[in-house]
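For reference, the structure discussed in these notes is given below.
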Amino acid sequence: MKIKYNHEIISGTVFALISSFLWFSIPTQVKTMEKTAITAQTLPKIAIGGMFVFAVCLLLEGIFMKEKEELTVTKESFHSAAFKKELRSILYCLFLVAYCFMVKPFGFVISTVILVLAIMVYYGARKWYYYAIPLAMVGIVYYVFRVVLHVSLP
1 MKIKYNHEII SGTVFALISS FLWFSIPTQV KTMEKTAITA QTLPKIAIGG MFVFAVCLLL
61 EGIFMKEKEE LTVTKESFHS AAFKKELRSI LYCLFLVAYC FMVKPFGFVI STVILVLAIM
121 VYYGARKWYY YAIPLAMVGI VYYVFRVVLH VSLP
């Protein structure tokens, strides 16, 4: 089976839809009573607005610039290096989804440490400092938010 597709059109469309959904969910997720120009919703709106702008740029690039690629799907293509690379990326995304569900019951520190260790083991990190650096960053982020900024973490 042959499939013609364009990476930029697919990615641009998906991220434009995701950013649109997130934009309209900001008022329900980030509640604020402030009337000033800068509120708790400002930073999420900037980030999601930027995501939408770049998604539209990617979509336009795919429409006007790039040629469609042709993909031939056979039984052997499921054993190729490119397919295995994509599968690793999908599994990495599943790690992140699992992390989202772990934060609430286990808290920020424990779930983030589990995520860091799982990713490091999955990608085959062998040296101790490959583990020490991200684990130290978890502690630093926790300290900055909890102690310095007085922001409660889950």
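Counting from 1, one number per residue, gives the positions in the sequence shown under the UniProt record's numbering.
Don't be surprised by glycine CBs; every beta carbon is placed ideally from N, CA and C.
| If we call anything under 9 angstroms between Cβ atoms a contact, is Ser11 one with Ala55? | yes
| Enclosing alpha helix (DSSP H) for Val141 [first to last residue] | In this chain, the alpha helix (DSSP H) harbouring Val141 covers 128-143.
| task | Check whether the segment 94-114 touches the segment 136-148, taking contact to mean three or more Cβ pairs, one atom from each stretch, closer than 8 angstroms. | result | yes
| field | Beta-bridge pairing of Glu69 - partner residues as DSSP gives them | value | Tyr5
| field | Helix, strand or coil at Lys75 according to DSSP, with G and I counted as helix | value | coil
| Using DSSP with H/G/I as helix, E/B as strand and the rest coil, what is Ile63? | helix
| task | Please report how far the alpha carbon of Ala118 lies from the alpha carbon of Val151, in whole angstroms. | result | 27 angstroms
| request: Taking only the alpha-carbon atoms, compute the straight-line gap between Val116 and Pro154 and give it to the nearest angstrom. | output: 17 angstroms
| task | Would you mind sorting Ser80 into buried or exposed? The rule is 16 or more other CB atoms within 10 Å of its CB. | result | exposed
| field | Residue environment, Ile48, which counts as buried when at least 16 other CB atoms sit within 10 Å | value | buried
| N- and C-terminal bounds of the alpha helix (DSSP H) containing Tyr123 | Neither: Tyr123 is in no alpha helix (DSSP H) and is coded neither H nor E.
| Candidates Lys68, Val121, Met51: which alpha carbon is nearest Arg88's? | Minimum Cα distance to Arg88 is reached at Val121.
| field | The alpha helix (DSSP H) enclosing Ile90, as first and last residue numbers | value | 81-106
| How about Asn6 and Gly50: are their beta carbons less than 9 angstroms apart? | no
| query | Given Phe15, which residues of its chain have a CB within under 6 angstroms of its CB, disregarding the five upstream and five downstream residues? | reply | Ala55
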